[in-house]
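Everything on this sheet refers to the single structure shown next.
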Amino acid sequence: MSDGYRWGKFIQLNLTELKKFEFYFDQWINCKTLKESELINSSFQTPFWIEHKQWFVVCEYSKSSALYRLYTQPICVNELQYDPYYKQLRSSTMNTMIENKTIKSVILRPYTFNRLVEQEITINYTRFVQATHLTFEIYEDSNSLFWSSIFRMIDITKIVKITQYISIVSIY
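For the sequence shown, position 16 (counting from the first letter as 1) is numbered 16 according to our numbering, and the numbering increases by one without interruption.
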């Protein structure tokens, strides 16, 4: 799924009239080095993808979990679980800060923000400018960075529905 060269050949041979190709892959890939990660990304940065078809692919990865997201821009899903540990691999066609206009529902988990420092949030973040639904979990140890990040990422004046889960663990 994560080989842009193979997808390109398949499309050129079998789907010659294809005008629109949208995808969103969330997958685990065991890449041991940054070079392996960049090979995946570069396979979607060829003239076929960028110049001929003008299909722009974003590759994000999380070093801590070896998870990858590959998706076309604009993103074709309307709900996304945001994880600040995902980092976007460099692409000549994309900015670091993405204004996402298609995501309507954002899921945030405060525990993913616990080990971050503020610089990491502001350097690599997405703004969900059309989000109308927000889902988040509250833990006893939710930090202030989580709360301040919500206001940077989401225009809360557009939120019409909030779903909140509360987790309190008591040990006696």
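Every residue, glycine too, gets a C-beta built ideally from N, C-alpha and C.
A quick note: this is a predicted structure, and the numbers were derived from the prediction, not measured.
Inter-residue Cα distance where the pair is residue i and residue j
| i | j | result |
| --- | --- | --- |
| F151 | D83 | 15 Å |
| I50 | N14 | 19 Å |
| E36 | Q54 | 24 Å |
| L89 | N41 | 7 Å |
| K19 | Q73 | 14 Å |
| Y85 | Y165 | 22 Å |
| T16 | Y68 | 28 Å |
| V77 | E38 | 24 Å |
| V160 | H133 | 6 Å |
| P47 | C59 | 17 Å |
Nearest-angstrom Cβ-Cβ length linking residue i and residue j, presumed shorter than 8 Å
| i | j | result |
| --- | --- | --- |
| L80 | V106 | 6 Å |
| A131 | I162 | Rounded, the Cβ-Cβ distance is 11 Å, inconsistent with contact. |
| F23 | I11 | With a Cβ gap of about 12 Å, F23 and I11 do not count as contacting. |
Beta-carbon spacing of residue i, residue j below 8 Å
| i | j | result |
| --- | --- | --- |
| I75 | I103 | yes |
| K87 | Y71 | no |
| V57 | G8 | no |
| F128 | N100 | yes |
| F25 | S43 | no |
Residue i - containing alpha helix (DSSP H), residue span
| i | result |
| --- | --- |
| Y5 | 4-14 |
| W147 | 144-153 |
Extent of the continuous beta strand (DSSP E) to which residue i belongs
| i | result |
| --- | --- |
| L89 | Careful: L89 lies outside any beta strand (DSSP E) and carries neither H nor E. |
| I107 | 105-108 |
| D83 | D83 -> no beta strand (DSSP E), and no H or E assigned at all. |
| F25 | 24-28 |
| C59 | 56-62 |
| Q73 | 67-73 |
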